[in-house]
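All you need for our numbering is the position in the sequence shown, starting with 1, plus 67.
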Amino acid sequence: MAYIQKRDEVKELRDKIKLSPEGAYLFWGEEEYLKHHYLGELRKIVEEEGMAEFNRTVIDFQRDGTLSELKDAIDTPPIMAEHKIVEVWGLNITSLKTEDAKRLVEIVKKVSDGIILVIFARADELDISSKKSRETQVIKGLISLATVTEFPRQSENKLISWVDKLFTSQSMRISDVNIGKMIKLCDFSMTRLKSESEKIIASCKFYNLDTVPKDMVDLFVKPTAENEVYEFQEAVLKKSFREAFLILENLRQHNVEPIPIVASLSKSLNVLSAIKSSKGKKDDNEIASVTGAFPWQVKKYRPFANLWSESELKKAFELVFVCDTELKNIVSPPFVLLTNMLSQISGNEK
C-alpha cells in the first residue's frame, strides 16, 4: 500500500514548525498549494531572523543541482541567525542510482541544528506499492529521518469551507452552489481557487457588492483545456453521452490536441476495467498502483463501473484504440474521428 499514516500529519507539521522547526522535511502529494503554504511558513522563520539572503539555499536538480551541492549546503551553518533553510526541488528520488540513493540518505542523516531541509517529492513518489526493492529502501530511509507530510487533494466539503472563509474574510457572501461550481471548474486545485476567488472579490468590491451574483462565477471562471478533457472522460465513464458530445464540441472549438483526449479516455477506461475485474477485492491504493491513477480517482470512478458490462468496456477499448491509430495516421479530420468513436461507444447502450 501507499505510504499513508493514520495520524494527522498536517497537524504534526504545524506543531513542529511552531516548536522546533529545524530538521528534514519531505513534502509529497497532489495539492501543490498546501506544499507551498507550509514552505512559506518555514521560510518566514528564516526571514524574520534577518540575513535571509545568506540563509536560504535553493537546489534544483532539474537544472544543475547536485548531491555535492546539497551536502555543502547542509554542512554550512546559518550566518548570523539561528536558522537556515535549504530547499530541494526536482529530485527524482526513485530514479537515483544505488550509490547516489545511499549518499542522499547519509546527507539527510547529518542535518544539524539550525538547518531546515525541505525536499519536494512528486505527487505519488512515496507510494511504495509499485516500487522496486531498491527504490523502496531509499524511500523508507528518508521517511525514517524526516518529517513526512502528504498533501492530498482536499475533499469538496473542505474546499467549500475554505473558499467560504476567503470571501467572509473580505466581508462578502457566496453561496455553496457557486463555490461548488468553482471547485469543479478549477478541478479541485486550491491554487486556482484562490486566484479565481481573488478576481471575483476584486470585481465585487469595484461594484460595491457584498454578495457574489449567481452568474459571476460563469463570467470569471473558465474551464481549462485540461479540465475539459477530464470532464469529457468523466461524462463518457458515467454514460452521459449528450454531455460528452457537447464537451467534445467545446474541445474542437478550443483547438485542443486530439491525441491526449484519446489517451486520457483510454487510461480512465483502464481504471474502470480494473475496478470491475477486481470485484471489490482490491482497495483504491492497489488499483491505483496497477493502473497509474491516483487513489482519489479510483474512488471517484467506482460507482461508474456498475454502469458498464465487461463486453461494453472491451468494445470501448477497441474503439479508442482504433481512433488513436487513425489519428496518428491522419485518416480523417481529427474531431470527425473522435465524434465517430464517441457515437459508436454510445451505441453500446442499445
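For glycine and all other residues, C-beta sits at the position ideal for the given N, C-alpha and C.
{"Check": "Selection from N245, Q221 and K281 that minimises the alpha carbon distance to F255", "Outcome": "Q221"}
{"Check": "Proximity to L404 [Cα-Cα], best of T258, L209 and L315", "Outcome": "L315"}
{"Check": "Whole-angstrom distance between D285 and Y274, CA atom to CA atom", "Outcome": "17 Å"}
{"Check": "Beta-ladder partner(s) of G90, from DSSP", "Outcome": "I183"}
{"Check": "From N159, C390 and C271, residue whose alpha carbon lies closest to that of G132", "Outcome": "N159"}
{"Check": "C-alpha distance - Q364 paired with Y297, whole-angstrom precision", "Outcome": "11 Å"}
{"Check": "For L137, the nearest candidate out of I227, L339 and K177 (CA to CA)", "Outcome": "K177"}
{"Check": "Selection from L336, F308 and T165 that minimises the alpha carbon distance to E385", "Outcome": "L336"}
{"Check": "Where S197 sits in the DSSP three-state scheme", "Outcome": "For S197, the predicted model reports a pLDDT of 48, less than 50, meaning its position is unreliable; a value from the coordinates is still stated below. Helix."}
{"Check": "Every unbroken alpha helix (DSSP H) within the segment 222-265, with a cutoff of 4 residues, ordered by chain", "Outcome": "223-235 and 243-252"}
{"Check": "Range covered by the beta strand (DSSP E) that runs through I152", "Outcome": "K151 to W156"}
{"Check": "Whole-angstrom distance between V387 and S413, CA atom to CA atom", "Outcome": "12 Å"}
{"Check": "Cross-strand partners of E217 (DSSP beta bridge)", "Outcome": "W95"}
{"Check": "Short Cβ contact (8 Å threshold) for A420 with V338", "Outcome": "Residue numbering for the chain in the displayed model covers 68 to 417; residue 420 lies beyond these limits and cannot be assessed."}
{"Check": "Contained alpha helix (DSSP H) runs [length at least 4] in the segment 97-140, N- to C-terminal order", "Outcome": "99-116"}
{"Check": "Cα-Cα separation, R309 to F128", "Outcome": "46 Å"}
{"Check": "Given L313 as reference, the closest of L260, F121 and F299 once Cα atoms are compared", "Outcome": "F299"}
{"Check": "Coil, strand or helix - T291 by DSSP", "Outcome": "coil"}
{"Check": "Beta-carbon proximity of K14 to F287, cut-off 8 Å", "Outcome": "Residue numbering for the chain in the displayed model covers 68 to 417; residue 14 lies beyond these limits and cannot be assessed."}
{"Check": "Identity of the residues DSSP links to T278 by a beta bridge", "Outcome": "R240"}
{"Check": "Cβ of K366 within 8 Å of any chain B Cβ", "Outcome": "Absence of chain B from the displayed structure is noted, only one protein chain being present."}
{"Check": "Proximity to K147 [Cα-Cα], best of L134, V113, I328 and L171", "Outcome": "For clarity, residue 147 is Met in the given sequence; the question names Lys instead. Ranking L134, V113, I328 and L171 by Cα distance to M147 puts V113 first."}
{"Check": "Inter-residue spacing [alpha-carbon to alpha-carbon] between L209 and Q411", "Outcome": "50 Å"}
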